[in-house]
């Protein structure tokens, strides 16, 4: 289940944000390692909602530090 | 000893000026407080009750807020708390709408910007829409809330595309004195996506006052001088190559804006 989510997330980050798929691992820090900025974060929430139908609440996204954090939130929604 | 007498006199005059400015500052806060209280719990609730048309209510509320800010600017100048200078207003064309971007050295920037651009939209903290003495005011003026980032971004773009002007502080918060300027990605992304011209306003405030680290009673040792320099509008399209996507365009425009403000602030 979480593996599928990680694959989905990796696809989004690769296709829409030009991020190298090899560095999208659960431990990767999205702001530092993946160079996501505050606008990318908004676009990512919107994109994930389009794909999975799940909207990450903004207050929960504030706590997100790593790719694994996003996967964890998505798996509980 | 005329020399030492003079220095005593000078110190006394400075002390007197400081004392007066302290009183002036306290008065200014009192006027601002009482004014916002009256607006917030008396005038605006009445306005929201009587004027049912949202567009009209917004126009009238902003007219009131803009004039209140002009009065407050006049008051602070009159009691001698600050002096100010505004230049470059010839760059503003009333038949155009802009994304107005300004640096944010002090709490008072908002007073000056709203006095200059009373009809413009701005972004406010969600709390202001919830606290009881500001919520009626915020409902009336209809500013954009920062509650949901995705909604915030699309609201900014929608309103600009509808032909309205919007004020944003790219720093997202007040400047930390002595540290390099830092811009968040938001303002540049809004400019690129909405496709409107950017109107930069370079603000300096010397000595610093009402930064995040200063309380209201920490009155500066000299009278504050505010300068707002409106710059010629920047067309975002001219700066970004056609073959790059929105994301890259936003990032490169943000780099441009940061360098633009850093240079102009260093130039005095």
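Protein chains in written order, with the numbering used here: chain G, 1 to 77; chain E, 1 to 268. Virtual Cβ for every residue (Gly too), placed ideally from N, Cα, C. Note that the coordinates shown come from a computational prediction; the quantities given were computed from them, not determined experimentally.
Per DSSP, which one or two residues make a beta bridge with residue 17 of chain G? For the purposes of this step, residue 17 of chain G is identified with residue 17 of the first chain, where counting begins at 1. Its beta-bridge partners do not exist; DSSP assigns none.
Counted within 10 angstroms of its Cβ, other Cβ atoms place residue 143 of chain E as buried (16 or more) or exposed: Looking up residue 143 of chain E in the second chain gives position 143. Residue 143 of chain E comes out buried.
Specify, as a first and last residue, the run of the alpha helix (DSSP H) that residue 50 of chain E falls within. Residue numbering aside, residue 50 of chain E sits at position 50 when the second chain is read from its first letter. Unbroken alpha helix (DSSP H) run through residue 50 of chain E: 44 to 50.
Alpha-carbon spacing of residue 147 of chain E relative to residue 55 of chain G, whole angstroms: To locate residue 147 of chain E, count along the second chain from 1; it is residue 147. To locate residue 55 of chain G, count along the first chain from 1; it is residue 55. Straight-line Cα distance between these residues: approximately 15 Å.
DSSP three-state label for residue 310 of chain E, please. Chain E is shown from 1 up to 268; residue 310 of chain E falls before or after that span and cannot be answered.
May I have the straight-line CA-CA distance separating residue 151 of chain E from residue 16 of chain E, to the nearest angstrom? Within the second chain, the letter at position 151 stands for residue 151 of chain E. Within the second chain, the letter at position 16 stands for residue 16 of chain E. The alpha-carbon atoms of residue 151 of chain E and residue 16 of chain E are separated by roughly 51 Å.
Using a threshold of 8 Å, state whether the C-beta atoms of residue 160 of chain E and residue 201 of chain E are closer than that. Sequence index remark: in the second chain, residue 160 of chain E carries index 160 (1-based). Sequence index remark: in the second chain, residue 201 of chain E carries index 201 (1-based). Not closer than 8 Å, so no.
Per-residue DSSP class, three states only, for residue 130 of chain E: The sequence position of residue 130 of chain E within the second chain is 130, counting from 1. Coil, per DSSP.
What are the residues of the region 162 to 195 of chain E that lie near chain G, defined by any Cβ-Cβ distance shorter than 7 Å? 184, 185, 186, 189
What are the start and end residues of each continuous beta strand (DSSP E) run of 3 or more residues lying completely inside the region 206 to 231 of chain E, in chain order? 224 to 230
Between which two residues does the alpha helix (DSSP H) harbouring residue 99 of chain E extend? Start at 1 with the first residue of the second chain, and residue 99 of chain E comes out as number 99. No alpha helix (DSSP H) holds residue 99 of chain E; the beta strand (DSSP E) holding it covers 98 to 102.
DSSP beta-bridge partners for residue 199 of chain E? Indexing the second chain from 1 puts residue 199 of chain E at position 199. Residue 199 of chain E pairs with E:100.
Note the first and the last residue of the continuous beta strand (DSSP E) segment covering residue 166 of chain E. For the purposes of this step, residue 166 of chain E is identified with residue 166 of the second chain, where counting begins at 1. Segment 166 to 168, the beta strand (DSSP E) holding residue 166 of chain E.
Measuring only the C-alpha atoms, how far is residue 47 of chain E from residue 245 of chain E? Here residue 47 of chain E refers to the residue found at position 47 when the second chain is read from its first residue. Here residue 245 of chain E refers to the residue found at position 245 when the second chain is read from its first residue. Each residue's alpha carbon lies about 45 Å from the other.
Taking Cβ positions only, does residue 58 of chain G come closer than 8 Å to chain E? Locating residue 58 of chain G in the first chain gives position 58, counting from the first residue. Yes, residue 58 of chain G lies at the interface with chain E (some Cβ there is under 8 Å from its Cβ).
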